[in-house]
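I have placed the structure first, in the form of structure tokens, so that the comments after it can refer back to it.
Number of protein chains: 2
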Amino acid sequence: MNSRALSPATEQGEIANETSSTLKAFGVLEVLVRAGRAVTLSELMHATELPKPTLHRTLALFEEAGLLCREPGGRAYIVGDRLSRFGLDVLRNDGAATQRRIVLRRVVSEIGESCNLAVLHKGAVIYLDRIEAAWPLRLQIPQGGVAMSPHCCASGKLLLAHLSVVERQRLLEMMALERFTPRTITDRQVLASELDRIVNSGYAVDNEEYVLGVACVAVPVYSRHGEVVASVALQGATARLPLMRAIEFVPRLQAAAVDIGSTFG
Amino acid sequence: MNSRALSPATEQGEIANETSSTLKAFGVLEVLVRAGRAVTLSELMHATELPKPTLHRTLALFEEAGLLCREPGGRAYIVGDRLSRFGLDVLRNDGAATQRRIVLRRVVSEIGESCNLAVLHKGAVIYLDRIEAAWPLRLQIPQGGVAMSPHCCASGKLLLAHLSVVERQRLLEMMALERFTPRTITDRQVLASELDRIVNSGYAVDNEEYVLGVACVAVPVYSRHGEVVASVALQGATARLPLMRAIEFVPRLQAAAVDIGSTFG
DNA sequence: AGATTCGTATCGTTTATCGGAATAGGAGTC
DNA sequence: GACTCCTATTCCGATAAACGATACGAATCT
Numbered sequence: 058m059n060s061r062a063l064s065p066a067t068e069q070g071e072i073a074n075e076t077s078s079t080l081k082a083f084g085v086l087e088v089l090v091r092a093g094r095a096v097t098l099s100e101l102m103h104a105t106e107l108p109k110p111t112l113h114r115t116l117a118l119f120e121e122a123g124l125l126c127r128e129p130g131g132r133a134y135i136v137g138d139r140l141s142r143f144g145l146d147v148l149r150n151d152g153a154a155t156q157r158r159i160v161l162r163r164v165v166s167e168i169g170e171s172c173n174l175a176v177l178h179k180g181a182v183i184y185l186d187r188i189e190a191a192w193p194l195r196l197q198i199p200q201g202g203v204a205m206s207p208h209c210c211a212s213g214k215l216l217l218a219h220l221s222v223v224e225r226q227r228l229l230e231m232m233a234l235e236r237f238t239p240r241t242i243t244d245r246q247v248l249a250s251e252l253d254r255i256v257n258s259g260y261a262v263d264n265e266e267y268v269l270g271v272a273c274v275a276v277p278v279y280s281r282h283g284e285v286v287a288s289v290a291l292q293g294a295t296a297r298l299p300l301m302r303a304i305e306f307v308p309r310l311q312a313a314a315v316d317i318g319s320t321f322g
Numbered sequence: 058m059n060s061r062a063l064s065p066a067t068e069q070g071e072i073a074n075e076t077s078s079t080l081k082a083f084g085v086l087e088v089l090v091r092a093g094r095a096v097t098l099s100e101l102m103h104a105t106e107l108p109k110p111t112l113h114r115t116l117a118l119f120e121e122a123g124l125l126c127r128e129p130g131g132r133a134y135i136v137g138d139r140l141s142r143f144g145l146d147v148l149r150n151d152g153a154a155t156q157r158r159i160v161l162r163r164v165v166s167e168i169g170e171s172c173n174l175a176v177l178h179k180g181a182v183i184y185l186d187r188i189e190a191a192w193p194l195r196l197q198i199p200q201g202g203v204a205m206s207p208h209c210c211a212s213g214k215l216l217l218a219h220l221s222v223v224e225r226q227r228l229l230e231m232m233a234l235e236r237f238t239p240r241t242i243t244d245r246q247v248l249a250s251e252l253d254r255i256v257n258s259g260y261a262v263d264n265e266e267y268v269l270g271v272a273c274v275a276v277p278v279y280s281r282h283g284e285v286v287a288s289v290a291l292q293g294a295t296a297r298l299p300l301m302r303a304i305e306f307v308p309r310l311q312a313a314a315v316d317i318g319s320t321f322g
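Those sequence lines, one after another, are chains A and B.
In our numbering, each residue's number is its place in the first sequence (first place is 1) plus 57.
In our numbering, each residue's number is its place in the second sequence (first place is 1) plus 57.
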């Protein structure tokens, strides 16, 4: 076995004891997805305790459907395009999303500026939700699955900062640091130290790095297991809300982040 | 019906035509999750075109398993805790896919045309990932496990070209060389020599062989063991990017292919 | 109250699923 | 190269799970 063993979805033998083929298959997906890396047939055999042919059939089915695919050059299975999209849709639309929206809306009405909830998906910032303040001047931001580069917004930098060391390193090396304003960080060294600063201070800012006249402040959302899974950010026109005043709202954002964090697995 | 109608996961009747109960069930989940609100059984009936008892059984199964639950005070189904957690795990699972996507995205932003990453699976081209350039005129290509014939696209011909001699021969013989445009290669002899040319030159082109007005250039991605396991391709409207100019980007694509190759086991 | 729609239960039929066993494929060793 | 060991894939007959027409109950509308 390569590294650490996989853990089954629920308990030992749980998946194999399931009578429904559909639930067995779903259990396989759960194990695979929790692994966080490419997984071979025999690894899944140990984790699920399902017979070899059954697993093989199930995996072939999912591969055919585009839910899974094979690691090129290898035999191991990884998450496919369709499953990846499904995961995103779940997060956007589950019942908890309603609760999150309520929390967000409350913050917006208290602060009077737009807020958003974002995650990192395939190296890009995706907005799970977004509440606009009732101001005529608004920033139109790509919404609904449209990705945004992480290096130039508060949410993106915050989420980058809380990745594992290796993940962060890899992304930093490969990312294109496109310039949007004179203040956009386009130097990898500068960005790296900015990320360190973010981890220490507990929040990230965007000082007109994406659009001139717009500043943001972002704080982390922790899951129950203490991992950073999302970010809550406040964003406003500097004419109304200078960055310095926006930072004063950090405690309020953190309180909202706690509420939102409790809605994640 | 309450508000707007639901859209099925892929196309009309797609879910109902699926033979596997597992995939049918998954299709139901996809529809439900995309709805973004509580969904009733009869709404799902319309969206999925599945018989009522089948749906009822499927939903009851998922409810029992904790993947779905009922809207409090109503009968409509919403995402359950277990599915919600699953969605989060999918998002975290990114890993290698993230890096590949970043490399692709960077190329797209530099060149300004769409790029994709493809592999050959069971004699068909499967797109692992695909980044669209920000142009209004786009080619909508089947994604997520939907297969495409290799004889008429740059990625396909490139991957064919780098198969072992016997494999290539076998596929060439059994493949149907369907014609899509006047330029589609439909002659086995012509295709065979084209493949030889591709191996020698190190890249493949699609000169409007699948869609008129769209040209592609593809280069190989090598695994650590020196085998061609995938292809990176650039594809653009010839009105913007004539084939001759697209070929000038081959070195850039090759650089991206090296980066992507390093992410494969 | 009657009509209508929607959700749940029943049950004989069918067909996909199951998994042991045999086969093919690959990596490593000598 | 011949051998071994381990993993992935294919085969196939028995079985059980999925299927869906029909019927029934429950809720909502008029």
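C-beta atoms are modelled at their ideal positions from N, C-alpha and C, and glycine is treated no differently.
Minimum C-alpha distance to residue i - residue among the options
| i | options | result |
| --- | --- | --- |
| L310 (chain A) | A:L145, A:R114 and A:S166 | A:S166 |
| A82 (chain A) | A:G169, A:L107, A:R157 and A:E284 | A:L107 |
| V315 (chain B) | B:V289, B:L216 and B:M231 | B:V289 |
| F397 (chain B) | B:S141, B:E251 and B:A181 | Residue 397 (chain B) falls outside the range modelled here, since chain B spans only 58 to 322, and no answer is possible. |
| I183 (chain A) | A:Q226, A:R163, A:V256 and A:S212 | A:S212 |
| G270 (chain B) | B:R139, B:L148 and B:Q292 | B:Q292 |
| C172 (chain A) | A:T111, A:A303 and A:Y279 | A:A303 |
| I159 (chain B) | A:R139, A:G180 and A:V160 | A:G180 |
| I188 (chain B) | B:V274, B:L161, B:I242 and B:V136 | B:L161 |
| G131 (chain B) | B:A117, B:A261, B:T97 and B:L112 | B:T97 |
| Q226 (chain B) | B:V262, B:N257, B:D253 and B:T76 | B:D253 |
| N264 (chain A) | A:T238, A:N257, A:S280 and A:H282 | A:T238 |
| P129 (chain B) | B:A190, B:A95 and B:T243 | B:A95 |
| R274 (chain B) | B:S280, B:E266 and B:F321 | Arg is not the amino acid found at residue 274 (chain B); the sequence shown has Val there. Nearest option by C-alpha distance: B:E266. |
| S319 (chain B) | A:H219, A:L177 and A:M231 | A:M231 |
| Y134 (chain B) | B:G152, B:A153, B:R163 and B:M102 | B:M102 |
| V278 (chain B) | B:E305, B:T243, B:L216 and B:T241 | B:L216 |
| A154 (chain A) | B:G152, B:R163 and B:D138 | B:D138 |
Assigned secondary structure, residue i (DSSP; H/G/I helix, E/B strand, else coil)
| i | result |
| --- | --- |
| D263 (chain B) | strand |
| H208 (chain A) | helix |
| R297 (chain A) | coil |
| A73 (chain A) | helix |
| N59 (chain A) | With a pLDDT of only 42 at N59 (chain A), under the threshold of 50, the placement of this residue in the model should not be trusted; the figure read from the coordinates follows. Coil at N59 (chain A), not helix or strand. |
| L291 (chain A) | strand |
| L148 (chain B) | helix |
Cross-chain neighbours of residue i in chain A, by beta carbon under 7 Å
| i | result |
| --- | --- |
| R149 (chain B) | G93 |
| T79 (chain B) | S78, T79, A82 and L118 |
| S166 (chain B) | A233 and E235 |
| E87 (chain B) | F143 |
Range covered by the beta strand (DSSP E) that runs through residue i
| i | result |
| --- | --- |
| G318 (chain B) | Run containing G318 (chain B): none in the beta strand (DSSP E); it sits in the alpha helix (DSSP H), V307 to G318. |
| I135 (chain A) | Y134 to V136 |
| P277 (chain A) | V271 to Y279 |
| A127 (chain A) | A small correction: the amino acid at residue 127 (chain A) is Arg; Ala does not occupy that position in the sequence shown. From DSSP, the beta strand (DSSP E) with R127 (chain A) extends over L125 to R127. |
Boundaries of the alpha helix (DSSP H) in which residue i is found, first to last residue
| i | result |
| --- | --- |
| L101 (chain A) | L98 to T105 |
| L86 (chain B) | S78 to A92 |
| D186 (chain A) | Run containing D186 (chain A): none in the alpha helix (DSSP H); it sits in the beta strand (DSSP E), A181 to I188. |
| H178 (chain B) | First-last for H178 (chain B): S171 to H178, but that is the beta strand (DSSP E), not the alpha helix (DSSP H). |
| R227 (chain A) | V222 to M231 |
| R114 (chain B) | K109 to A122 |
| L252 (chain A) | R245 to S258 |
| L161 (chain B) | A153 to I168 |
Residues that residue i contacts on chain B, provided the C-beta gap is smaller than 8 Å
| i | result |
| --- | --- |
| E100 (chain A) | Under the 8 Å cutoff, chain B gives no residues; its nearest Cβ is about 13 Å from E100 (chain A). |
| M231 (chain A) | Q156, I159, V160, R163 and D316 |
| P129 (chain A) | V176, L185, V278, S280, V286, A287 and F321 |
Partner residues on chain A for residue i, Cβ-Cβ distance less than 8 Å
| i | result |
| --- | --- |
| I323 (chain B) | Residue 323 (chain B) cannot be examined here, being either before or after the span of chain B that is shown, 58 to 322. |
| T243 (chain B) | Result: empty, since nearest Cβ-Cβ is about 27 Å, beyond 8 Å. |
Residues that residue i contacts on chain B, provided the C-beta gap is smaller than 9 Å
| i | result |
| --- | --- |
| V90 (chain A) | F143, D146, V147, R149 and N150 |
| C332 (chain A) | In the structure as shown, chain A starts at 58 and stops at 322, and residue 332 (chain A) therefore has no counterpart that could be examined. |
Within chain A, the residues that residue i reaches when beta carbons sit closer than 9 Å
| i | result |
| --- | --- |
| L107 (chain B) | In chain order: nothing, as chain A lies at least about 13 Å away. |
- Query: At a cut of 8 Å, does the segment 117 to 136 of chain A reach the segment 85 to 100 of chain A through at least three beta carbon pairs?
  - Reply: yes
- Message: Would you call the segment 248 to 263 of chain A in contact with the segment 145 to 161 of chain A, where contact means no fewer than 3 C-beta pairs closer than 8 Å?
- Response: no
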